[in-house]
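Protein chains in written order, with my numbering: chain A, 1 to 359; chain B, 1 to 121; chain C, 1 to 149.
All residues carry an ideal CB built from backbone N, CA and C; glycine is no exception.
All figures in this text were calculated on a predicted structure; none of them were measured in a lab.
What follows is a single structure, written as structure tokens, with notes after it.
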Amino acid sequence: MAGTILPFGPQHPVLPEPLHLNLQIEDEIVVSATPAFGYVHRGLEKLADIRDFRQMIQVVERVCGICSMIHALTYCQGLEELMGIEPTPRARFLRVIWSELHRLHSHLLWLGLFADAMGFESLFMQLWKVRERIMDINEATAGNRVILSVNVIGGVRRDLDSGQTAWILSELAEVEKGFSAMSRTILHDYTVQKRTRGKGALSRSQAMELGCVGPMLRASGVSQDMRLLGYAAYGELEFAPVVEQDGDCYARCRVRFAELGQSIGLIRQAIAKLPAGDTSVPVKGRPPAGEVVARAEQPRGECLYYIKANGGKFLDRLRIRTPTFANIPALTVMLPGIELADVPVVLLSIDPCISCTER
Amino acid sequence: MTIEADRIDSVELCRAVAAFKAKGCRFVTITCVGADQRGAELLYHFDRELALSHLRLTVAGDEVPSICGIYSAAFLVENEIQDQFGLRFNGLVPDYRRTLFLAGEDSLPPFRRKSGPDQEE
Amino acid sequence: MGLIDKLISTARRSSPWLLHFDCGSCNGCDIETLACLTPVYDVERFGVVNVGNPKHADILLVTGTVNLRNREVLAVLYEQMPEPKVVVAIGACGLSGGIFREAPNVVGGVDKVIPVDVYVPGCPARPEAIIDGVVLALEKFRGKALAVL
Ligand code: SF4
């Protein structure tokens, strides 16, 4: 029997974004899965032809609203490398603070959606309630809740005064209390374990071969984190990648949950070490002809920018390889063999961001 | 500033990529730098322990061998380049035939340049 | 119009259900729309419930730009919703294409495909603005529902 082809999406209750999967199923078991895309595609890399290299910061921030700050950061770091600019020390630490705030809100968002995919709605609501505190910090420090627009070439546009940093620390203590109170439910609840353990497992070698990045890779026992490259001020802060061995949905959940605490730790360190000085260096001129590759760790994993300039105002080529783009191929391996009812859980475990994937 | 990359042609591509796989590298992505009717330039990126290595492939015409047989994850990016630049990857599975992102009706590859490529530095 | 129709109309007017569809949003407006449903903003206090099935929905929230592929999905979703219905377009993208309007695969705002009743500006639109938009949509919906009676 050839089995049945079941279309999943593009409008599906568990997916906040339109992704389409063609699932071939036999007796409730998935035999093969083919993703189909194109519902969020805009082609924004092409905008580099009509927006100059500074205006492109605003465009790349809108590749994805959830990790917008880190998109702009990667882009700016690429151009800084190309133009030979060294951002000020204060800017480098401020960039860490905002990056980690973004990671916090993204992971809380994901944990919430993941709980929702399991049908655990009250947990979803609780997590999103905690997340609102991070959004308040974003708004108070950068003026916008989601798209922060703090990065410029050569530094950042906004500064934090001592009152603000003290307030951030006290808010973060509340956030930490909020999600720690839920740790027993998230990590040890019977329902959660039942729905996630052993589902969609990837071995270490499979994860490497499929080119997974970020928490996906770390949940399969590979200790890789682009923050170890030491960009911004990460080289001066202490942290170690969170690694789990099982490679299943539960391990991914554990990795992301542990990274919440890690991010708070990094923000505390960065605030403690925040050097005085300017927040940006003045930048004159245009990027010289040449090409550069920049990488950074987004909440979902490694993000790679390829920038080619020709000495003019407009870039020759801008290519963005987002983390979800690298994680999608793993779905074609993880989905076959699982039950139809588990598809949403496995699908969400990669933390899909479709607007990143398609740009 | 340019990226240090080994220059190869399409005959050597699969062997060079297989060598990266044998070394245990993670396949990062392929970047199509530019393409027009005369040819195309592609960069293959690999990562090993946070260090990137690159291969620079130049092809004449628009046919490129697919590396899906070596790194299966490459299917997504190769399909994307087919969509955007109108190149053709031989041996690509699954092949979306330029409908990965674009709706079939207007499949003019939006990133393909009409004139010649800018000369290499 | 029979008694049952009147009853259904009254129920729909006092508790309209909403369907959220993400066209080509960058997720910014998307997560703000989701945030509206969660405890801090909580649109459910206006009697609104979020549903996943267009056949149950009275209000359609659309975020993001329309592209050549999702415009069909959008049109189908709109078709499947029962009359009367209201459409709320959210964010600069949903209004006009926003920052992406010149990108190769962008058609433009939501109103290029389906009629829009309420426009919520912002990039991203703030949750408060989205709630305002939904409340305005509720009024329009009541108007439309009464007109049918
Ligand atoms: S209006 Fe702005 S925030 Fe909203 S989807 Fe468009 S680009 Fe993203």
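Review point. DSSP on Thr165/A, reduced to helix/strand/coil?
Key: helix
Check your understanding: Rounded C-beta distance between Cys64/A and Ser355/A? I'm assuming under 8 Å.
Key -> Yes, Cys64/A and Ser355/A are in contact; Cβ-Cβ is about 5 Å, under 8 Å.
Practice item. For Val243/A, I'd like the list of residues in its chain whose CB is within less than 7 Å of its CB, leaving aside the five on either flank, ordered along the chain. Key: Arg218, Gly221, Ser223
**Study point:** CB contact flag (Phe314/A, Ala48/A, <8 Å)
**Key:** Closer than 8 Å, so yes.
Exercise for review: May I ask whether a heavy atom of the ligand SF4 can be found less than 7 Å away from the beta carbon of Gly28/C?
Suggested key: yes
**Study point:** Cβ pair Pro94/B, Thr34/A closer than 8 Å
**Key:** Yes, Cβ-Cβ distance for Pro94/B and Thr34/A is below 8 Å.
Check your understanding: If you measure from the CB of Arg65/A, is any heavy atom of the ligand SF4 nearer than 7 Å?
Key -> Here residue 65/A is Gly; the residue named in the question, Arg, does not match the sequence. Yes; taking the cut-off as 7 Å, the Cβ of Gly65/A has a heavy atom of the ligand SF4 nearer than that.
Check your understanding: Between the segment 115 to 134 of chain C and the segment 148 to 155 of chain A, are three or more C-beta pairs nearer than 8 Å?
Key -> no
**Study point:** Touching by the beta-carbon criterion (3+ pairs, under 8 Å), the segment 71 to 84 of chain B and the segment 337 to 344 of chain A
**Key:** no
Exercise for review: Count the other C-beta atoms from every protein chain shown that fall within 10 angstroms of the C-beta of Asp118/B, then say buried if there are 16 or more, exposed otherwise.
Suggested key: At Asp118/B, the pLDDT of 47 sits below 50, so the modelled position is not reliable and the matter cannot be decided from this model.
Check your understanding: Taking 7 Å as the line, does the beta carbon of Arg360/A fall inside it for any heavy atom of the ligand SF4?
Key -> This structure cannot settle anything about residue 360/A, because the visible part of chain A is limited to 1 through 359.
**Study point:** Length of the line joining the Cα atoms of Arg142/C and Pro329/A
**Key:** 47 Å
Point to revise | Three-way DSSP call (helix, strand, coil) for Arg321/A in this model | key: In the structure shown, the three-state DSSP call for Arg321/A is strand.
Check your understanding: Nearest-angstrom Cα distance between Gly116/B and Asp9/B?
Key -> Low local confidence applies: a pLDDT of 47 at Gly116/B is under 50, so the model's placement there is unreliable, and no value is given.
Practice item. Taking 8 Å as the threshold, find out whether the segment 101 to 113 of chain A comes into contact with the segment 131 to 141 of chain A through three or more Cβ pairs. Key: yes
Review point. Nearest-angstrom Cα distance between Trp98/A and Asn138/A?
Key: CA-CA distance, Trp98/A to Asn138/A, rounds to 8 Å.
Exercise for review: Identify every residue that forms a DSSP beta bridge with His54/B.
Suggested key: His45/B
Practice item. Compute the Euclidean distance between the alpha carbons of Glu121/B and Val33/B, then round it to the nearest angstrom. Key: Residue placement at Glu121/B is poorly supported in this model, since its pLDDT is 32, which falls under 50; the coordinates still yield a value, given next. Rounded to whole angstroms, Glu121/B to Val33/B spans 13 Å at the Cα level.
Practice item. Kindly say whether His107/A, judged by its beta-carbon, lies nearer than 8 Å to any beta-carbon of chain B. Key: no
Practice item. Pull up the distance between the alpha-carbon of Arg12/C and that of Phe85/B, whole angstroms please. Key: 50 Å
Exercise for review: Just grab the DSSP bridge partners of Ser32/A for me.
Suggested key: Gln24/A
Exercise for review: Determine the chain A residues that contact Ser25/C at a beta-carbon separation under 9 Å, and present them in chain order.
Suggested key: Glu17, Val40, Gly65, Ser355
Exercise for review: Please determine, among Ser183/A, Met69/A, Pro288/A, the residue with the shortest C-alpha to C-alpha distance to Phe257/A.
Suggested key: With distances taken between Cα atoms, Phe257/A lies closest to Ser183/A.
Check your understanding: Less than 7 Å between the CB of Thr63/C and some heavy atom of the ligand SF4, yes or no?
Key -> yes
Point to revise | CB contact check: Val28/B to chain A, cutoff 8 Å | key: yes
Point to revise | Buried versus exposed call for Gly84/A [16 or more other C-beta atoms within 10 Å across all chains shown] | key: By the 16-neighbour rule on beta-carbons within 10 angstroms, Gly84/A is exposed.
**Study point:** Beta-carbon gap between His45/B and Glu4/B smaller than 8 Å
**Key:** Going by beta carbons, His45/B and Glu4/B fall outside the 8 Å limit.
Practice item. For Arg54/A, name the three-state secondary structure that DSSP assigns. Key: The DSSP-derived three-state label of Arg54/A is coil.
Exercise for review: Return the chain-ordered ranges of every alpha helix (DSSP H) run that is complete within the segment 172 to 241 of chain A and spans a minimum of 4 residues.
Suggested key: 183 to 188, 190 to 196, 204 to 209, 215 to 219
**Study point:** Whole-number beta carbon distance between Leu61/C and Val88/C, since they are thought to touch under 8 Å
**Key:** Going by Cβ atoms, the distance from Val88/C to Leu61/C rounds to 5 Å, so yes, they are a contact pair.
Practice item. Excluding the 5 residues preceding and the 5 following Phe111/B in the sequence, name in chain order all residues of the same chain whose CB lies nearer than 7 Å to its CB. Key: Gln84, Phe85
Exercise for review: Would you please verify whether the beta carbon of Arg45/C is less than 8 Å from any beta carbon of chain A?
Suggested key: no
Practice item. Compare the C-beta of Pro110/B against all C-beta atoms of chain C and say whether one is closer than 8 Å. Key: With 8 Å as the cut-off, Pro110/B counts as an interface residue toward chain C.
Exercise for review: Report the three-state DSSP secondary structure of Ser280/A (helix, strand or coil).
Suggested key: strand
Check your understanding: Taking 8 Å as the CB-CB cut-off, is Gln224/A touching chain B?
Key -> yes
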